[in-house]
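Start counting the sequence shown at 3; every next residue gets the next number (the numbering used here).
All residues carry an ideal CB built from backbone N, CA and C; glycine is no exception.
Source: prediction; values computed, not measured.
Notes follow the structure.
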Amino acid sequence: MFDPISLIAGGALVGAGWVAGRFGRRTRAAAPQPSVARCGCGHDLAMHDRETRECHSEFKRKTNGVATWVRCPCRQYSGPQPLAEFFAPPLLPPQEP
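Here is the structure:
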């Protein structure tokens with residue numbers, strides 16, 4: 003009814019495939035996260051004013067068990083500058099003569 007040699011050969015193939023899949027897997031490297039221009043205070047360029055370069059972000063500070071929101075002490079953006087500001091002035095808003 004059942005051929006024992008075929009059953010043993012099939013079981014051996016299944017076992018060999020399982021062992022090869024179990025121990026032969028390659029771990030996938032994590033995808034690199036996009037870099038964000040961050041200042042020394044930890045906030046990105048969007049939180050800093052373009053003219054004054056002050057940081058407009060707030061963070062929670064706990065003192066004596068009471069949490070209060072305080073302004074970020076950063077007074078000038080110190081992170082990397084975007085390339086667009088080095089090569090061309092901003093086009094918008096247009097300046098009228």
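Using DSSP with H/G/I as helix, E/B as strand and the rest coil, what is Phe-25?
-> It is helical.
Closest by C-alpha distance to Val-38, when choosing among Ala-32, Arg-30, Leu-47 = Taking only the C-alpha atoms, the option nearest Val-38 is Leu-47.
Alpha carbon to alpha carbon, how far is Arg-27 from Arg-52? Give it in angstroms, no decimals.
-> Taking the straight line joining both Cα atoms gives about 50 Å.
First through last residue of the beta strand (DSSP E) which encompasses Thr-70 | From DSSP, the beta strand (DSSP E) with Thr-70 extends over 68-73.
Tell me which same chain residues have a C-beta within less than 7 Å of the C-beta of Thr-70, skipping the five on either side of it?
-> Arg-63, listed in sequence order.
Excluding five sequence neighbours on each side, which residues of the same chain lie with their C-beta closer than 8 Å to the C-beta of Cys-74?
-> Within the same chain, Cys-74 has close Cβ partners Cys-43, His-45, Met-49, Cys-57, His-58, Ser-59, Glu-60, Phe-61.
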